[in-house]
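**Q**
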Amino acid sequence: MNDAFDGLVLAPWDDDTVDALDDYQHVRIGHPYTCPRDHRDPDTGRIDRGEVVLDSTEDGFICPVEGCGYTQRWAHALSANRRWIAHRREELERICGWAGATS
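Position one of the sequence shown corresponds to residue 0 (numbering that gives the first Met the number 0), numbered consecutively onward.
#1: Kindly indicate which residue of Pro63, His38 and Ser55 has the alpha-carbon position closest to the one of Asp21.
#2: DSSP three-state label for Met82, please.
#3: With a CB to CB cut of under 8 Å and the five nearest residues on each side skipped, what residues in its chain are close to His79?
#4: In whole angstroms, what is the alpha-carbon distance linking Gly49 and Arg72?
#5: Between the region 31-43 and the region 57-74, do three or more beta carbon pairs fall short of 8 Å?
#6: In angstroms, rounded to a whole number, what distance separates the CA positions of Asp40 and Ala10?
#7: Taking the beta strand (DSSP E) that Thr56 falls in, what are its first and last residues?
#8: Grouping DSSP H, G and I as helix and E and B as strand, with all else coil, what is Val64?
#9: With a 10 Å radius around its C-beta and 16 neighbouring C-beta atoms as the bar for buried, classify Cys62 as buried or exposed.
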């Protein structure tokens, strides 16, 4: 990780940080980072507000919706901490039998 400031990790991120953030985004141990913009589902017409999960990249989180262009260049340091992610996953498995399903 690099550029930790006040509990934040600022992009650009190295490969380890991208991988850790990607794990956080998909192991469902907390709310993932999502796009704040409204996106209309082309099939249902439903507006997805804050439901589109951002992709982790070297340059920050990016919205996968074509044409959106939203980028977030920060993450909470804890969500990039592999030890915390593993510990949290183990806690959920122990407490509620949660198997850590990924999306």
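Here a beta-carbon is modelled for each residue, glycine too, at the ideal position from N, C-alpha and C.
**A** In short:
#1: Position 22 of the sequence shown, counting from 1, holds the residue named residue 21. Minimum Cα distance to Asp21 is reached at Ser55.
#2: By 1-based counting over the sequence shown, the position of residue 82 is 83. Reading off the sequence, residue 82 comes out as Arg, not Met. Arg82: helix per DSSP, three-state reduction.
#3: As a first step, residue 79 must be located in the sequence shown, where it is residue number 80. In the sequence as displayed, the identity of residue 79 is Ala instead of His. Met0, Val8, Trp12, Thr16, Ala19, Leu20 and Tyr23.
#4: Here the question's residue 49 lines up with position 50 in the sequence shown. Here the question's residue 72 lines up with position 73 in the sequence shown. When rounded, the distance between both Cα atoms is 17 Å.
#5: yes
#6: Within the sequence shown, residue 40 is the residue found at index 41, counting from 1. Within the sequence shown, residue 10 is the residue found at index 11, counting from 1. Distance between the alpha carbons of Asp40 and Ala10 is about 29 Å.
#7: One-based indexing of the sequence shown puts residue 56 at position 57. First-last of the beta strand (DSSP E) with Thr56: Asp54 to Thr56.
#8: Residue mapping note: residue 64 aligns to position 65 of the sequence shown, counting from 1. Note: Val64 maps to coil in three-state DSSP.
#9: Here residue 62 is taken as the residue at index 63 of the sequence shown, counted from 1. Under this definition Cys62 is a buried residue.
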